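Residue numbers (this note's numbering): -7 to 312.
A virtual CB, placed ideally from N, CA and C, is assigned to each residue, including glycine.
Please read all numbers here as calculations on a predicted model, not as lab measurements.
The structure is reproduced here in structure tokens:
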């Protein structure tokens, strides 16, 4: 695992058993992000001055600098940033990093969620003007933030033990706990999950899928890959396989380890009604109406006939 030294801004590599306490950044990507190669060039003797000048002009470098300053003030010597702590030129490393991403966020001491399109002053003004009764109005600033529309930020919201939100000027807006009611309205994730009162695993597969139903990713396959950690599975990333195949593979992996039948509680998109379909959904968007579908648990399970579903080399087998 690579981390950025919050004092020197150098990227340092650690073995998994030697990883020190670290903060982590959650953000949406822009056009001028700093890559792993960029960070290496800054400390290459022959190119350091020229490279540093070019890189430090990038908008993404400001995020690195500000997040490092914040982490250092909070007592962290290191911080992780997905733009420059992964060598994305290596497909093998990228696949490993994607499979480890949920663990990276879960292992952090704190996650800084940077909302580049939100102003704390506007947000506080909305609260002051409208009060806390009108959730839709109060949440306008956050509701429209791009951060809440991206696929990858779903796990970045759920995995860390502590998430702190910052506005475009790096002013603190609140925490996942203090803003839980508001975030729940935006994301449809139960407040109890956001505050840590309910284990994520207790939510049905259909519920968790529904939280991603309206989120988007730049690369089509990432809409499946970004959900692996939320369901506790891993699989190779195969860019080029297409969004549908990637999402079907994700569901096949989930079925191997989970007998929750709510994975079948989806509705086909209207534009696919005339196409041949199997029992697995083609996209998280097909779970958009499944947010309240729960698995049968506790004493109720005694009144429901047992069922079983498994993946075989010939496809999906269901026993009723």
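What span of residues does the beta strand (DSSP E) with residue i cover, start to end?
i	result
residue 268	Residue 268 -> no beta strand (DSSP E), and no H or E assigned at all.
residue -3	-6 to -3
residue 5	3 to 5
residue 155	155 to 158
Relative to the C-alpha of residue i, which residue among the options is closest?
i	options	result
residue 219	234, 238, 104 and 231	238
residue 47	29, 61, 59 and 64	29
residue 211	234, 193 and 228	234
residue 181	150, 162 and 165	150
residue 102	72, 261 and 165	72
residue 281	269, 270, 271 and 261	261
residue -3	49, 57 and 88	57
residue 74	264, 53 and 162	53
residue 22	138, 244, -1 and 82	138
residue 60	33, -5, 43 and 95	-5
residue 141	203, 99, 162 and 164	203
residue 50	24, 168, 271 and 243	24
residue 98	194, 18 and 283	18
residue 34	192, 267, 3 and 224	3
residue 95	257, 164, 85 and -7	-7
residue 283	110, 195, 271 and 20	195
residue 175	201, 134 and 214	134
residue 263	277, 271 and 168	277
residue 310	248, 92 and 165	248
residue 158	118, 173 and 108	108
residue 326	63, 106 and 132	There is simply no residue 326 to check, as the chain begins at -7 and stops at 312 in what is shown.
Three-state secondary structure (DSSP) at residue i?
i	result
residue 240	helix
residue 76	coil
residue 290	Only weak support is given to the placement of residue 290: the predicted model assigns it a pLDDT of 49, under 50, and the question is left unresolved by the model.
residue 84	helix
residue 208	strand
residue 92	helix
residue 233	coil
residue 295	Because the pLDDT at residue 295 is just 46, under 50, the model does not fix this residue reliably, and the value given afterwards should be weighed accordingly. Helix.
residue 313	A query on residue 313 cannot be resolved here, the shown segment of the chain reaching from -7 to 312 and no further.
residue 18	strand
residue 311	strand
residue 10	helix
residue 110	coil
residue 245	helix
residue 253	helix
residue 164	strand
residue 0	coil
residue 60	helix
residue 49	coil
residue 102	strand
residue 216	helix
Measure the C-alpha to C-alpha separation of residue i and residue j and round it to an integer number of angstroms.
i	j	result
residue 231	residue 251	28 Å
residue 69	residue 1	10 Å
residue 36	residue 253	54 Å
residue 229	residue 120	46 Å
residue 286	residue 259	16 Å
residue 160	residue 27	21 Å
residue 78	residue 15	16 Å
residue 241	residue 90	15 Å
residue 236	residue 275	7 Å
residue 227	residue 245	8 Å
residue 13	residue 67	10 Å
residue 153	residue 100	8 Å
residue 291	residue 8	Residue placement at residue 291 is poorly supported in this model, since its pLDDT is 43, which falls under 50; the coordinates still yield a value, given next. Spanning the two alpha carbons is a distance of roughly 42 Å.
residue 76	residue 104	16 Å
residue 44	residue 55	15 Å
residue 198	residue 32	43 Å
residue 256	residue 87	28 Å
Would you say residue i faces chain D, with C-beta separation under 8 Å as the test?
i	result
residue 86	This model lacks chain D altogether, as it is built from one protein chain only.
Since residue i is in the alpha helix (DSSP H), which residue starts that stretch and which ends it?
i	result
residue 171	From DSSP, residue 171 is part of no alpha helix (DSSP H); its letter is neither H nor E.
residue 313	Lying outside -7 to 312, the shown extent of the chain, residue 313 is not represented and no answer is given.
residue 146	144 to 150
residue 200	197 to 203
residue 259	No alpha helix (DSSP H) holds residue 259; DSSP gives it neither H nor E.
Notebook entry, point to check: Below 8 Å, can you find three or more Cβ-Cβ pairs linking the region 144 to 151 to the region 204 to 223?
Noted result: Using a Cβ-Cβ distance cut-off of 8 Å, the region 144 to 151 and the region 204 to 223 are in contact, since at least three pairs of beta carbons, one from each stretch, lie closer than that value.
Item checked: Sufficient close CB pairs (3 or more, under 8 Å) joining the region 114 to 121 to the region 178 to 195 -> Contact fails: fewer than three Cβ-Cβ distances are below 8 Å.
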